């Protein structure tokens, strides 16, 4: 068995080669998805209320993800002694991006929804790279048939903002609305909203609506006080989880490259440990990571964070499934 | 007569004070505009096909414009010996920005149109700070009544791109469409499109349509070969001009902070001399300057250019009117 | 009662509109201040010993502060269930900037002092945006009459540096001197100097002088070891506090945009909790926040931090007063 | 005939999709190259004598090249009325990058040479994206068999520096040596070195050696004085040209993102017109474009320039072949 | 005794003067080193596997180090009451840089080794400023004679990556290899590898080899769980320590300016306290600090961190020796 | 004769070594200046009216100047066939910086004047690196004794701004005043002010005063229309010239890193040719180059320009003297 690319003649350093996610194969034919995990870019950012730029999120994350590709077969983590994502155990493909139509939110969202449906139809795990948080709306829309077959999903959100605005000035599908849209779905069984802090586009009425619709809202400080174990213990066990990660859930110190940064956020391991515990507690059936805006990310720190979180999360999900 | 702010006790260096355009008074009450020139921000950028960020154009231009405010009464130009924009001759106000509704192009454009109508109704010269070039569409829309009263307008465009796409994928009001939208108006008598070069969203069919609808298209090189005088001579004399300046008409060396830069553009004096000649050749009745994206403008050069062009253009227009 | 700007026809997204602090009204007439809180810019940075640039601090903070303005009436904090800064409870105005005279420290400081006196005379809370830390000197000077009427003030400083140099090479009014200048005032009853660490322009003799003049000096590590409660417990209860926040008291990870960064600083909640406790423990009668240098703040993190701290601090002070 | 991608259901805006050069198909199998033009990345930068970073040149150029891909079939140039690069006339593929072995110049160069040989064996035009200028050495090496069959090549270099150092301190294959290495080849019939100016690693002896080995050296000012026509007239007519473009041949105003910038360089149209004339005067059989260092290219201007030059040059070469 | 430079007529602010390390004297004559501590730059970065740029590390660190030079005699630390690095107790010189030969790893490393040997021969403490981590290889090589005389050294590494690759594709001396090279030395008695986390160029086999060759590997989380005291307690007491600090051992929030950042790293005081304890536990006989890449360090935070760590570490080492 | 540093064992690439100007020797003892040319830094920037930051100008220029140091003996210019600055013909030293006292313009200026006097007393050519343009004031002050011995000087200024403000708000020594201060000196025989354009701190009255005091003012466009020869012909022949170069005389496209950029400036060769002609027309006896602000110079273009201009100007001056 050939295990590493450098055994076949290429050293394949991170800075070499075309930037697909993790240097996994590019598969532009969405009718023939054959994979455990499928990456889809959703470069839409006209739902933003402050800085745009998340349209380049998929490109930024893809490029940063190559840093974690050293030509090895799998990624060894010395802290738990596991090799994650070995080629013979996990098959990952990159589908490219959904098509975006400027000035037209509806058409752009429809194209994203189309892609996620294709991934679900192929029984692969969708991992969607935003774009702004409004792209979560078509992602969740796409789960209706899947949930009809396999049961409802519970949303776990990592975010600084509640994103629970109903409608304001006619805006129902901006990046302040997705969690409200999700909560309205009959096949969404509940929401865990983690990291929420400080002022945002959601008013007190939005918070009250969220709680009344079954949301569990915790701030960063509340999560630190409770501890990871207790926090994860509040998420329904054995459920099907959809994980939506707004990069601004992290602290601006490590995620400056985003539209609406909010101080006092998570550090890396707080989120990783929470997500790792989640991967063991139930089944993660969908992921999106949104609001990475590379043009504000002068050192590349934010894109690197997004890639590092996704690589580790996918690895842990697939490792949990194997058992 | 008190002429300079430092005579009244303030040195008023450029870096001091609230950033209205040119430090002129802020007048949030649009029902009571009393001025020769009214500045309006139009921070909409969801019509972009490459980099967004022009939503911060009004703020960037306003801040840069304070560099040209040294507390003097008027700006002395030693090359022609004129003091432009003295307070007793020209009254300029800043109206703030039109309201923008994210995800909703139509509503955002309507708010811009509303503002321009208010300025025209007050008999002031509208100077609109974009935003992307799609904001030219509501600006031109707002001229219907004015033109019914005062006669048609001729559009003079400074731009790298023709922006003459009719409709594609349902997009009629993006930043690739404005000149087509303008050409369709019965009160637009013609277009002079200067600086057009290299590939863009307009196809050959778009160029042919433009020419058939009465557009005069010249590239930077063609303009250099002809000379400023000959170029201005092609613009109808004595007409009412609406000037739309896409900052990417300038060379990326001085205007890097824009969404879709195109090499081989104008240098500063080429445009200033052309506009100065225009101010003498007819009546400039409206101005927009679009596509300044400060987040890509690391040295501030682009915002400074936009402010410098506008200050000089407004000065020359007002000086011509005085005579 | 009209509560939100979007009820009156404007969505008023953060990126829209003129940049006054928090989009509060601009009041250039200092003779007619009618407010609970008055913002004053003090863009002086010639007191710096390393990087300048704090002259653009007021502009940077103002622009960042608009991120926290979503058109709501007040800011809801889900962690404590309070709506802060509702319009019917708190009136805030922005006075613009004090006039600065380059090459002349004395004249610049005098203009700042003049502004603070006007605010105090109007019984408003002065919130001064630096500028370098030397601008604290005229701020404290301005309190002489106020203290004669209302009693002395206790200084609470958040800073990496002690700023307790007496005179060196004739420099008495640079950014290394303000705490020494304050300690000399008969109406300054004491100083709490929090966050002080590593080498600075103050020598051992300066530390000894500070302690002998009644200063309580604590490093970040000492404060972490003591806990917020114990630290606040060392500040005289029920006193009148003047809070001076040098942004470099925070860690460079979140406050890189400053003149003299020092590693090992505070994270966001450490300072917020300390200030929130202070707002309840006595009466905050004056605030300055200094040393934000936007040109070194490529992601905007530092200006955002300054605005976020000020918005939350002002909210908590006003909330405490209400009770 | 389907001509545009938006006819088949995708608008395909420039910011959407995986970043291959010009969004042309990615073909990782180098044994089955079927194309008129083949793009190869050569991300080697350990031959640099000042700033490195050209290893990210291929990625930067590829990303920037997507700006010129608006989903059209071909690029219409209104100045000459030609549609370049229509899909039915020209087939372009992107091969990805040659493998680079850090610390090992020889192995890295061998891998680049291997790729160029594969392209030439497939009768495609090699377009190599550097990397530093040392990658020209393996490119020229790869032409030995091609030249044995088809005749010698004449090198046309656009550059600020002569790059004619023989050996110094054992360095024969750094970015100061390639033109000397090329001149030594029996199948290189001559060199035209255009844009050379100011001090560099080549000494007077290097200039004398170049001239004695048949090089025609012209500075930017000399070229401006002569005019494009006269300059191109000095290049042997009807020959097979290998074009090597060091991006620092351009002025730092438009190409700041490079290792060793030198003021006083070419503007865009000077080079484009020279290359366009060359494409008509003989047969361009190979191209490399080197020294783009995206990490110094904060506005993206340099990568955009590289992509714009290459797209236009390839278009003109293919157009000339068609006739 | 004259103690401060401002006593002799110069205020000597940090931004004034030539940038040697800490403004200590520049001594280009390596044959006459007369100092307790000697600084040597090693600007080699062709051993990198992702971003280069560490060649400018010595310049960046030197410039940042001037921030810690306020003209005082020594640096007072109020937390422990010590004045470190007073001129009468410690003599520090800056030797400039080792000569680097591009394209030639072996020659460059030999020049670095030569410099370190000169320092050791002069009985000074070598403090080497990288450059990438491969420059640790010649540093350790240079200790053979010193260790023959004075006994073996124990390596203490602060790093995100294990750097324990043996040979791959012929690469033995890149920045993924140095700890393996060190472990092979008979005069290296052991390694403490602190901060190691996430995927890197070292495979599981590399970790196993490291452990089998006597390495103690701890992640950041493991170190936090153990506590500084326990961690230092695992390092052999009373030994001769060589400290190698890869700046990426720190968190990207404070050290973004490096080639291969890895989230979840150390904060400032974690490392300082560990090194301070080490300085008391045995004898530090050599230091290198590597992988600072100033061109990715837009705010200067990383260079400042490197300088701050080195100034404090040298101070503590010299203070410990004094006793 | 040993001519190149690489003959003596060092390749001495530009990125290696301590950053003195041009890597020439550092001579901190100003009492023993033995050189033809002496470089002095004047890092004062509190005379600025917009962006500060020129205090880091000397460091930025010094670092950039190392790019032009390839270890050769002298710089060969193939356009005129001359080797400039060979070691056996010209001796250059770097004196470091004048001491700056923050908050104190007078003391800072006095220290600069002191340094220039020392250089003149040693019969060396002073080349002063600013700092803002106010540092020209002490430079000219220092020439009183020299002029008493050797005759008056004629000032040749390259600048966007006239800098001819007399006194305003008490400011006599800011960066808007130096040419007025110079014109007042009895030993200044006249001024040639080249490049002046657009609005600045000088009013019409200032222009009139300048002309009445013997100044010859020409804009960039006027100079282009006249041609270099005619322009230089207006400068008194055979005189002693003091050349003061404000980097903002150049176009912002190549000199963005400055405090008050003004579009429409000089390109590189326009200034070089003018200065080269001047070096032949009379005797250049002093030089300052001011207003380089590296923190706004993200690509390094401005510092590179400053270094390139100075290296070439010094070379041409020394070459002219030799004859």
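Chains as they are written, first to last, in the working numbering: chain A, 3 to 325; chain B, 3 to 325; chain C, 3 to 325; chain D, 3 to 325; chain E, 3 to 325; chain F, 3 to 325. Ideal Cβ positions, reconstructed from N, Cα and C, are used throughout, including at glycine. Nothing here was measured: the structure is a model prediction, and the numbers come from that model.
Inset, instruction - Round the Cβ separation of residue 14 of chain A and residue 101 of chain D to the nearest angstrom and send it over; I've been treating them as touching at under 8 Å. - result: 7 Å
Legend entry - Test: residue 40 of chain F CB closer than 8 Å to a CB of chain D: no
Inset, instruction - Report buried or exposed for residue 10 of chain E, applying the criterion of at least 16 other Cβ atoms within 10 angstroms of its Cβ. - result: exposed
Legend entry - Status (buried if at least 16 other CB within 10 Å, exposed otherwise) for residue 278 of chain E: buried
Inset, instruction - Using the Cα positions of residue 295 of chain F and residue 65 of chain E, report the straight-line distance between them to the nearest angstrom. - result: 16 Å
Legend entry - the region 49 to 65 of chain E / the region 51 to 60 of chain D touching (three or more Cβ pairs under 8 Å): yes
Legend entry - Nearest-angstrom beta carbon gap, residue 151 of chain F and residue 168 of chain F [assumed within contact, 8 Å]: That belief does not hold up - the Cβ atoms of residue 168 of chain F and residue 151 of chain F are roughly 29 Å apart, past 8 Å.
Legend entry - Backbone secondary structure at residue 230 of chain F - three-state DSSP: helix
Legend entry - Backbone secondary structure at residue 285 of chain F - three-state DSSP: strand
Inset, instruction - Figure out for me which residue from F/30, F/12, F/246 and F/69 has the closest Cα to the Cα of residue 309 of chain F. - result: F/69
Inset, instruction - Starting from residue 51 of chain F, follow the beta strand (DSSP E) in both directions and report where the run begins and ends. - result: Unbroken run through residue 51 of chain F: none, as it is neither H nor E.
Inset, instruction - For residue 204 of chain B, I'd like the list of residues in its chain whose CB is within less than 6 Å of its CB, leaving aside the five on either flank, ordered along the chain. - result: 164, 166 and 167
Legend entry - Any C-beta of chain F under 8 Å from that of residue 320 of chain D: no
Legend entry - N- and C-terminal bounds of the alpha helix (DSSP H) containing residue 209 of chain F: 206 to 214
Legend entry - CB contact below 8 Å: residue 4 of chain F versus chain E: Here residue 4 of chain F scores only 43 on pLDDT, less than 50, and its place in the model should not be relied on; the value that follows carries that caveat. Not closer than 8 Å to any Cβ of chain E, the Cβ of residue 4 of chain F fails to qualify, so no.
Inset, instruction - Taking only beta carbons into account, state which residues of the region 98 to 119 of chain E come closer than 7 Å to chain D, listed in chain order. - result: 103, 104, 105, 106, 107 and 109
Inset, instruction - Please determine, among E/249, E/120 and E/78, the residue with the shortest C-alpha to C-alpha distance to residue 161 of chain E. - result: E/249
Inset, instruction - For residue 118 of chain F, collect the residues of the same chain with a Cβ closer than 6 Å to its Cβ; drop the 5 residues on either side in sequence, then sort them by chain order. - result: 128, 141 and 144
Legend entry - Proximity winner among A/262, A/264 and A/257, relative to residue 265 of chain E (alpha-carbon distances): A/257
Inset, instruction - Could you list which residues in chain E have their beta carbon closer than 8 Å to that of residue 310 of chain A, in chain order? - result: 200, 264 and 265
Legend entry - Within-8 Å CB hit, residue 48 of chain D to chain E: yes
Legend entry - Boundaries of the beta strand (DSSP E) in which residue 196 of chain E is found, first to last residue: 190 to 196
Legend entry - Length at least 3, wholly inside the region 69 to 130 of chain C: the beta strand (DSSP E) runs in chain order: 77 to 79, 84 to 86 and 94 to 99
Inset, instruction - Can you pull the chain A residues whose beta carbon is under 9 Å from the beta carbon of residue 18 of chain D, in chain order? - result: 43, 45, 57, 60, 98, 99, 100, 101 and 102
Legend entry - is_contact[residue 259 of chain C, chain E] using C-beta, thresh 8 Å: yes
Inset, instruction - Taking the CB atoms as reference points, tell me whether residue 157 of chain E and residue 262 of chain E lie closer together than 8 Å. - result: no
Inset, instruction - Drop a sphere of 10 angstroms on the beta-carbon of residue 125 of chain B, count the other beta-carbons inside from all chains shown, and report buried for 16 or more, exposed for fewer. - result: exposed
Legend entry - Distance between beta carbons of residue 306 of chain E and residue 275 of chain E, contact taken as under 8 Å: Contact doesn't hold; Cβ gap of about 19 Å is too wide.
Inset, instruction - Mind the definition here: the region 25 to 33 of chain E touches the region 94 to 114 of chain E only if three or more C-beta pairs lie below 8 Å; say whether that holds. - result: yes
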